[in-house]
Every structure is written in structure tokens, then in C-alpha cells.
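Below: one structure, written as C-alpha cells.
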Ligand code: ATP
Ligand code: MG
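In my numbering, the protein residues as written are 1225 to 1787.
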């Protein structure tokens, strides 16, 4: 009962879809069923998002199914916290596995039965070599491997040893179960690879039921087969494992044989993506947890203010390729900027405040102004902002001694306060140390709303907030976590990737925001006019903390990378 009719297949958009179309046309499969198989040993990162969305979009485009399967075959590093976090991130991306949430550990009994089956067929044996011996005896590309002395152990003896391995009679490392394939195979993965190892470790779902655990290669293909996966999509490092993936399916004579297809990993400049390194950043406190807004994890990107839409757009833009490349992180930043530019409401905030007093503005008075929430979308409505005698402006918007092209405020200059009015700086007040602490200005009462009453040219426009109405807020200005494009490579021999950390990746300032911002829920994303996009922090929901997602300036488009 074919569920995908070969007459209305989608036009393939990349080589994996081409292969799928071919398989469907040739009748090798009559539906499309894919999966995402994370190991619950860390949080998902943007590279995983690429893998997820490749699978998810294929399932959708071919009217197929998408499974989520936890590849929980290594008890030592796995944790239910990660199981929860991974599901949260997938849901956030809008991915739906319906009722198909699986765990490789649920297949342990079946996998074990298959292992015995291979032993009985003479295709697997219990080996007493240590891990070091196994790797030393494996040979290399030029030299065939040396067979294990146990390679020809009789079937009955193998079966007995395997059962005793399972029963817990031996310590860790005493034996392994190995597939009997070919010690001279040019592909090293076929030189009698291990199928099971002894590990007396507690499993977060299986408890102490097992003390032998299947290797990835023995578990993965069979798990795919059990679930009826048609296309097992993975990253390029598994290309050399494909013959082994197929060998197990053939040796077990499984009826349903999935097809493995590999694609290139996502690498991003200025970013480390290895889970081991990300874990180290968390454990050693270089960042504030897996969801630190500087982390490339989906939890971190979400907290930083990234939208799921921007991640979809980014993944679509980078496409699916067969060769590993590094993508410029500016492209990711561009994607979120592009989406937030469309959807983020506009507000004003001052992050390095300098007092501005309008001396000819009556004390205690408020001029109310309705300012648009989105300049290109009138349907977004307006918010009320109050113009008062005392305001905060950005310290960087004032220069006592302006340079030639300075367009902003300086002694004697007139500027526009956005939506507010025109003001001229008459006097600069300093403290004993000589630091500017206040600007005394006059406004043109005819310019309310920020319009020039007589058409006179006013070059600069500044953002501001009312000192009377504004609400204090903590503003976290994030920059890239690493200062080098290829941070995984230490700057010096013998160094660590940690040496590449950017010491200025976080600056915390106390600023003031429009009062309307205090009412926005944690997780809300806005534009602070002239400053960038910001997201209200979800961890510190009791206070007003805003994380900078990205500044407004787009280095991607300026570099000519935009389309
Ligand atoms: P490790 O195996 O080192 O713990 P991993 O990143 O491979 O880390 P998995 O949980 O095994 O983690 O990954 C799940 C899936 O995500 C795999 O199929 C893997 O190919 C894919 N994946 C992981 N990293 C990337 C990446 N940078 N780009 C694209 N896909 C990735
Ligand atoms: Mg992996």
C-alpha cells in the first residue's frame, strides 16, 4: 500500500531528495520515514538544527514520517535532563514527532538476541584482547590487521561467554563481542569491529538491567530497521561506517533495510560545536550554563532572542552539501536580524545614560506622544511616550569637541529627539573630575513630535527616554564568545581552545527603558531604536534584564554576502 504516489513527488532541492525520489520511483521504498537520533549527552546546537531540519523538511515534503530517537547506548554520559532539553528545543523549532518518540535502549533485548544470532551463524565472537591490543592489532591502511587469537573460538564457547558477559561475571574490559568480518579490509571499520563492551554502569532508563552495552554501529542500523526508517541521514563522518551499517542488516537478514545517506556537518566561524567542548565551557564556568546566550546551543540562541523562523531561514540558506565547509557566523546573525527587522516592535532604551535637562520645559509637565510600534507596519499600532523636562540620552551621542562629520549633539548644536522635539545644547555641566554629567538644553515648543516647524535642517536624530517615566533595566551586551574565526584550533601549540575565548563577550550595563517595556513578558523580542535587537531574559523573570541579540549593523550585507 504505497503511501507516497510516485506521480506527485516534489521537485528535489538537493542530492538527498534526488536519491529519495529515485528510490521511490524504483519502488525500493513506498514511503519516506526519517529520524533524528540525538545522544542525550548534551544540549542541541545549531549544527543539530541543520540535521533536524533536513530530516523534518524531507518528511514534510514527501508526506512522510519523522521519528525522534534517543541514541542512549552509552550510559556514562547520558542524563534525563538532556532528554527533556532536547525535546523542548525540537518543539521550539516546530518539529513534530507525533507519538514516535523512541529510545535505542528499548531495543536492548532485541539487539542482544540479534547478537546471539550472529554468534550462532559464526559471524561474531567473544574476544579477550584489551582495547589497546585491539587497536594495535588492527593494522593500518597499508598493513592488514592481525587476527585475534579468539577469532576461531567455537560457537558454543562464544555463546557461553557472551551469556556470562551479560550475566555480569566479568569486569569491564575483560571481553568484547566482535563481528567476524575481514581483518584485511581496506575499510578499517570492517576489521572485526566491536559490537558489545562490558560496562558496569547504571543506565538512566534501564537501571542496572545491563552491564554490556551495544556499540553505536551495532545499535544504529538495527534501530533504524526496527522503526521502519527508509532513509537514515547522517553526517559525513559516518560515510566509512556505511559498509558496516549494511553488513549488519545483511548478516541478520533483516527484511527492512534502510538506506544511509551522508551530508556535510555545519561548521560556523567563531563557534565551537563539539559537545565535549561545549560541556567543558559549562562545567568549568566559562559560560553561565548550556543556555548562556553566547552558546551556539538552541537553548542559548533562544535566550539570546533568536526566533525559530530565523533558524529555519538560516538552514535553508546554507543548503545541503556533500562537502564540509565553514559558514560565516555573520550569516546566522543576518538571518535573525532580517526576521526581527520584520517582526520586532520598536522601543527606545538608553544604555549609557547622560542626563539632558530642557531648561525651558515646565517642571512636572508631560507631553504625550504616540509613536509607531513598527515604522513599516501601521497595523502594529502605537505606544505612548512621555516627553518631560529631564531626559536620558546616550552618552555616546554627545561630544564636547565634535569632529568634522559629527551629526549628533555638541555644544551649540541642535538635534532631533526621535518622536520628541528639537533641542539645542546650551551648557555642559561637569563634575569635579571633569566628567560631563548633564547637558542643559532648550527645546523649540513648535517641534513637538520631532517635526522641524519651519523646514530647517536638523542633521542628527537621537533616541532618548524620560527620566521621570523610564524604568531602570539591566542590559547585557553580548559579543561573540570567541575572538578567532577558527576557535577550535589553539593559538599556540600546546594551548587550548579556551585561549581563544573573547574576554569581552559580555558587558553588563545599567540603563533605562521605555515604561511600556516593563509590561512585556520574558522572552519578548524588541528593537531598541538605533541600538539593536534585544530579548527580555527568561532566567531572571523577576527583574528587567534584556539580552542583546544582535546590533543593528549588518556585517553580512556590507560584505556583499546578502542576496
Ligand atoms: P557526539 O557524537 O560527539 O556526542 P554529535 O554532535 O554527533 O556529538 P549526536 O547526538 O550524535 O551528537 O548528534 C545527533 C545527530 O546530529 C547526528 O546524526 C549528527 O550527525 C548530527 N549532527 C551533529 N553535529 C552536527 C553538525 N555540526 N552539523 C550537522 N549535523 C550534526
Ligand atoms: Mg554523534
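Glycine included, each C-beta is placed from N, C-alpha and C at the ideal position. Only a predicted model underlies this, so the values are computations on that prediction, with no experimental measurement involved.
Reference residue i; option with closest CA among the options
i: residue 1563; options: 1773, 1702 and 1245; result: 1773
i: residue 1739; options: 1359, 1732, 1426 and 1607; result: 1607
i: residue 1727; options: 1331, 1704, 1745 and 1742; result: 1704
i: residue 1702; options: 1513, 1666 and 1517; result: 1517
i: residue 1695; options: 1679, 1571, 1671 and 1595; result: 1571
i: residue 1232; options: 1239, 1240 and 1249; result: 1249
i: residue 1706; options: 1721, 1732, 1315 and 1697; result: 1721
i: residue 1709; options: 1686, 1497 and 1288; result: 1497
i: residue 1382; options: 1361, 1397 and 1404; result: 1404
i: residue 1520; options: 1288, 1540, 1313 and 1604; result: 1313
i: residue 1316; options: 1464, 1467 and 1526; result: 1526
i: residue 1559; options: 1293, 1778 and 1673; result: 1778
i: residue 1536; options: 1765, 1237, 1318 and 1294; result: 1318
i: residue 1428; options: 1237, 1329 and 1575; result: 1329
i: residue 1411; options: 1366, 1377, 1454 and 1609; result: 1366
i: residue 1764; options: 1776, 1755, 1757 and 1748; result: 1748
i: residue 1460; options: 1587, 1240 and 1508; result: 1240
i: residue 1472; options: 1293, 1380, 1419 and 1523; result: 1419
i: residue 1676; options: 1646, 1657 and 1588; result: 1646
i: residue 1667; options: 1636, 1660 and 1654; result: 1636
i: residue 1331; options: 1430, 1736, 1656 and 1287; result: 1430
i: residue 1417; options: 1507, 1601, 1467 and 1380; result: 1467
i: residue 1692; options: 1681, 1609 and 1623; result: 1609
i: residue 1658; options: 1629, 1624 and 1480; result: 1624
i: residue 1481; options: 1456, 1287 and 1513; result: 1456
i: residue 1379; options: 1406, 1397, 1345 and 1388; result: 1345
Short Cβ contact (8 Å threshold) for residue i with residue j
i: residue 1263; j: residue 1296; result: yes
i: residue 1762; j: residue 1690; result: no
i: residue 1684; j: residue 1652; result: no
i: residue 1553; j: residue 1495; result: yes
i: residue 1700; j: residue 1616; result: no
i: residue 1270; j: residue 1544; result: no
i: residue 1664; j: residue 1583; result: yes
i: residue 1282; j: residue 1245; result: no
i: residue 1326; j: residue 1267; result: no
i: residue 1265; j: residue 1301; result: yes
i: residue 1687; j: residue 1745; result: no
i: residue 1759; j: residue 1529; result: yes
i: residue 1454; j: residue 1483; result: yes
i: residue 1757; j: residue 1632; result: no
i: residue 1425; j: residue 1299; result: yes
i: residue 1234; j: residue 1242; result: no
i: residue 1370; j: residue 1361; result: yes
i: residue 1622; j: residue 1660; result: yes
Integer-rounded CB distance, given that residue j should sit under 8 Å from residue i
i: residue 1373; j: residue 1408; result: With a Cβ gap of about 17 Å, residue 1373 and residue 1408 do not count as contacting.
i: residue 1363; j: residue 1415; result: 7 Å
i: residue 1641; j: residue 1697; result: Wrong, their Cβ atoms sit about 20 Å apart, outside the cutoff.
i: residue 1441; j: residue 1469; result: 7 Å
i: residue 1593; j: residue 1605; result: The pair is not a contact, with the Cβ atoms about 14 Å apart (cut-off 8 Å).
i: residue 1492; j: residue 1556; result: 7 Å
i: residue 1578; j: residue 1619; result: 4 Å
i: residue 1402; j: residue 1349; result: 6 Å
i: residue 1673; j: residue 1643; result: 6 Å
i: residue 1755; j: residue 1575; result: 6 Å
i: residue 1515; j: residue 1524; result: 5 Å
DSSP bridge partner residues for residue i (one or two, in chain order)
i: residue 1735; result: 1697
i: residue 1563; result: The partner list for residue 1563 (beta bridge, DSSP) is empty, contrary to what the question assumes.
i: residue 1756; result: 1752
i: residue 1348; result: 1403
i: residue 1521; result: 1269
i: residue 1665; result: 1582 and 1649
i: residue 1326; result: 1293
i: residue 1682; result: Note: residue 1682 sits in no beta bridge, so no partner.
Legend entry - Three or more C-beta pairs below 8 Å linking the region 1495-1502 and the region 1432-1447: no
Inset, instruction - Decide if the region 1475-1493 is in contact with the region 1336-1356; the criterion is three or more beta carbon pairs, one per stretch, under 8 Å apart. - result: Taking a cut-off of 8 Å for Cβ pairs, the region 1475-1493 and the region 1336-1356 touch, as three or more such pairs fall below it.
Legend entry - Meets three-Cβ-pair contact criterion under 8 Å: the region 1484-1493 and the region 1538-1554: yes
Inset, instruction - May I ask you to verify whether the region 1322-1330 touches the region 1274-1283, counting CB pairs closer than 8 Å and requiring at least 3? - result: no
Inset, instruction - Could you tell me whether the region 1566-1580 touches the region 1349-1357, where touching means 3 or more Cβ pairs closer than 8 Å? - result: no
Legend entry - Contact the region 1431-1440 vs the region 1383-1393: 3+ CB pairs below 8 Å: Under the three-pair Cβ rule at 8 Å, the region 1431-1440 counts as touching the region 1383-1393.
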